Amino acid sequence: MTDTPIPDDLPDDEMPQGDDLLAAELAMSLLEGEELAQARQRLGLDPQFAALVAGWQTRLVAMAEGIDPVRPPRRLRKRLLKSLFGAARVPLSQRLWVWKGLTLAAVSLAAYLGIQQLGPEGPDTSGTVFATQLSSDIVPLQVLAVLDPARGDISLSRVAGTEAAGRAFELWAIVPDAAPVSLGVLPAGDRMRVVLPADLRGRAADITLAISDEPAGGSPTGAPTGEVLAAGPVTEL
Amino acid sequence: MEREEVELLIGRVALSDRAAFTKLYDATSAKLFGVCLRVLNNRAAAEDAMQDSYVKIWKNAGRYQANGLSPMTWLITIARNTAIDRLRATRKGHIDVETPGLELAAAGASPEQFAIATSEAQRLVGCLDGLGEDRGAAVRGAYLDGQSYAELAETFSVPLNTMRTWLRRGLLALKDCMRND
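Quick note, the sequences are listed as chains A and B, same order. Each residue of the first sequence is one higher than the one before, counting from 14 in the numbering used here. Each residue of the second sequence is one higher than the one before, counting from 235 in the numbering used here.
Shown next, in the form of structure tokens:
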């Protein structure tokens, strides 16, 4: 071993200087406080200094070469993708159970819709219809919703759930990159129909419906103020 | 996966291609998780550090082309820096979410100049050994265990300034060795 013993002390003026060492110390995470802040700032402004840092990172990363890969748990991948991209879109085949489990409610809602569609205007077969189930984990609330963009409305069937005294359930439509749009407070009764605003009709496939807990009469601000009780993206039926 | 493939994936991730990001994760996460585990020596902390690393990769992929690093060097350096930051934060008792932990920036270097290769790794190991046992251990302690000058000074029972001078000389010697070897 050709080890040189560490000298007892070295005077400051013998300390090696220079940008290259500063770059090395930054790449090694050895800088602290003001020195670190200054070096970081320089990194963004001074390409020559950045190249020195990149050179050290390349030299030093070789220390990681010998580290064996370890397969991370599968749930990490899910967690990461969810945190970056929001809720993963569940394939339709996996979502169908929702409808199987709610056959009676779904059939009665479909029957209700059928009756409506056979009304004076006649059946509308031109448009695609979307649906979702809003099921709360927080309170016993369950609402089925069917969106009909061609007709410009949403039919709702409240399968379960009652508002607390002095509170209301407010329905919201959410499309990517926009604030939630209030569709109004759910009226009493188990079936209802609300108007789908014209500017949302073209984006029906992107809509997520949500229900929040609000003061009686609905949110005073125009945005959800209470807890979001249930939310669900729509699926083409 | 070949270097060019990883580079291509990072380029697509820079364009917010989610499928490319998933592929990149599948191809590289085992290596990055290994690095996080080595630094943090704790599974839960390593999981968090790896997640943070990939969030940074997603957000900063657009800066990759400019930094002159090989793709694996870029990815591993992000994971190593993120893990070291987490280690330090845990020691201090809090996590500093404001610090990007991404000591990467600006253009200037040509990628060819810094191509990482196994031969380079072997050269580094040889040169680290050439520094002598203590210096080699100090460089590894700083890079892989996040030891500060103060902690290294304590480990080697020398004054702080001495440690700093000694390690800096070691780094210069290391660079010389890697250039000439």
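Ideal Cβ positions, reconstructed from N, Cα and C, are used throughout, including at glycine. The structure presented is a predicted model; accordingly, all values stated were derived computationally and were not measured.
From which residue to which residue does the beta strand (DSSP E) around ARG206(A) run? Annotation for ARG206(A): the continuous beta strand (DSSP E) segment containing it runs 204–208.
Do you know offhand how far VAL156(A)'s Cα is from GLN146(A)'s? Whole-angstrom Cα-Cα distance: 6 Å.
So with Cβ pairs under 8 Å, would you call ASN301(B) a contact of chain A? Contact of ASN301(B) with chain A is assigned, a C-beta pair being separated by under 8 Å.
With a 10 Å radius around its C-beta and 16 neighbouring C-beta atoms as the bar for buried, classify GLU367(B) as buried or exposed. Answer is exposed; the Cβ neighbour count stays below 16.
Proximal chain B residues relative to GLN146(A), where beta-carbon distance stays under 9 Å: Within 9 Å of the CB of GLN146(A), no CB atom of chain B is found; the nearest one sits about 26 Å away.
Close Cβ partners of GLU241(B) (< 6 Å) along its chain, the five nearest in sequence each way excluded: Short of 6 Å from the beta carbon of GLU241(B), and not among the five residues preceding or following it, lie these beta carbons of its own chain, in chain order: PRO305.
Chain A beta carbons: is any one of them nearer than 8 Å to that of MET235(B)? For MET235(B), the answer is no, since every Cβ of chain A falls outside 8 Å of its Cβ.
By the criterion of Cβ-Cβ separation under 8 Å, what are the contact partners of PRO82(A) in chain B? Residues of chain B with a Cβ closer than 8 Å to the Cβ of PRO82(A) are, in chain order, ALA264, LYS265, PHE267, GLY268.
Give the DSSP bridge partners of GLN155(A), in chain order. SER148(A), ALA173(A), per the DSSP bridge assignment.
C-beta neighbour in chain A for ASN315(B), strict 8 Å: Cβ-Cβ to chain A under 8 Å: yes for ASN315(B).
Name the chain B residues that come within less than 7 Å of GLU47(A), Cβ to Cβ? Residues of chain B with a Cβ closer than 7 Å to the Cβ of GLU47(A) do not exist; the shortest Cβ-Cβ separation is about 15 Å.
Less than 8 Å separating the beta-carbons of ALA243(A) and ILE224(A)? Judged by their CB atoms, ALA243(A) and ILE224(A) are nearer to each other than the 8 Å cut-off.
Which of helix, strand or coil DSSP assigns to PRO60(A): Helix at PRO60(A).
Residues of chain A with CB closer than 7 Å to the CB of ILE435(B), please, in chain order. No information on residue 435(B) is available, as it lies outside the stretch 235 to 415 that chain B covers here.
Would you please verify whether the beta carbon of PRO246(A) is less than 8 Å from any beta carbon of chain B? Contacts with chain B at 8 Å (Cβ-Cβ) do not include PRO246(A).
Are any of the Cβ atoms in chain A nearer than 8 Å to that of THR256(B)? Cβ-Cβ to chain A under 8 Å: yes for THR256(B).
Label ALA144(A) either buried or exposed according to how many other C-beta atoms from any shown protein chain fall within 10 Å of its C-beta, with 16 as the threshold for buried. It counts as buried.
Please confirm whether PRO252(B) has its beta-carbon closer than 8 Å to some beta-carbon of chain A. The identity of residue 252(B) in the sequence shown is Arg, whereas the question assumes Pro. Chain A places a beta carbon closer than 8 Å to that of ARG252(B), counting this residue as a contact.
For GLY404(B), count neighbouring C-beta atoms within 10 Å of its own C-beta (all shown protein chains included) and say buried if the count is 16 or more, exposed if not. Buried, by the Cβ-count rule.
Is the CB of ALA50(A) under 8 Å away from at least one CB in chain B? So no, ALA50(A) is outside the interface.
THR234(A) versus LEU39(A): straight-line alpha-carbon distance, rounded: Distance between the alpha carbons of THR234(A) and LEU39(A): 49 Å.
Determine whether the Cβ of ALA223(A) lies closer than 8 Å to any Cβ atom of chain B. No, ALA223(A) lies away from the interface with chain B (no Cβ there is under 8 Å from its Cβ).
Which residue's Cα is closest to the Cα of ALA178(A): ALA77(A), ASP212(A), ASP226(A)? Measuring from the Cα of ALA178(A), the nearest candidate turns out to be ASP226(A).
Considering GLY179(A), what are the terminal residues of the beta strand (DSSP E) in which it resides? Where GLY179(A) is concerned, there is no enclosing beta strand (DSSP E), given that its DSSP letter is neither H nor E.
Exposed or buried, what is THR324(B) when buried is set at 16 or more other beta-carbons lying within 10 Å of its beta-carbon? Classification of THR324(B): exposed, given that the 10 Å Cβ count is below 16.
Please confirm whether ILE318(B) has its beta-carbon closer than 8 Å to some beta-carbon of chain A. Yes - at least one Cβ of chain A is within 8 Å of the one on ILE318(B).
Within 8 Å of any Cβ in chain B, is that where the Cβ of ARG87(A) sits? Not one chain B Cβ lies under 8 Å of ARG87(A).
Within-8 Å CB hit, ARG325(B) to chain A: Chain A, which has no Cβ nearer than 8 Å to the Cβ of ARG325(B), makes this no.
Determine whether the Cβ of VAL247(B) lies closer than 8 Å to any Cβ atom of chain A. No - not a single Cβ of chain A is within 8 Å of the one on VAL247(B).
Just reading off the alpha helix (DSSP H) that ASP286(B) is part of, what are its end residues? Per DSSP, the continuous alpha helix (DSSP H) segment holding ASP286(B) begins and ends at 277–294.
May I have the straight-line CA-CA distance separating LEU209(A) from THR71(A), to the nearest angstrom? Their backbone Cα atoms lie some 57 Å apart in a straight line.
Whose C-alpha, out of ALA295(B), ALA253(B), CYS361(B), is nearest the C-alpha of THR407(B)? Residue 407(B) is actually Ala in this sequence, not Thr. The shortest C-alpha separation from ALA407(B) is found at CYS361(B).
Beta-carbon proximity list for MET235(B), same chain, < 6 Å, skipping 5 on both sides: Excluding residues within five positions, the ones whose Cβ falls inside 6 Å are ALA261.
Alpha carbon to alpha carbon, how far is VAL142(A) from ILE167(A)? VAL142(A) and ILE167(A) have their C-alpha atoms some 10 Å from each other.
I need the DSSP call for SER391(B), collapsed to helix, strand or coil. Look at SER391(B) here: in three-state DSSP terms it is coil, with no helix or strand label.
Does GLU45(A) come out as helix, strand or coil in the three-state DSSP assignment? Correct three-state label for GLU45(A): coil.
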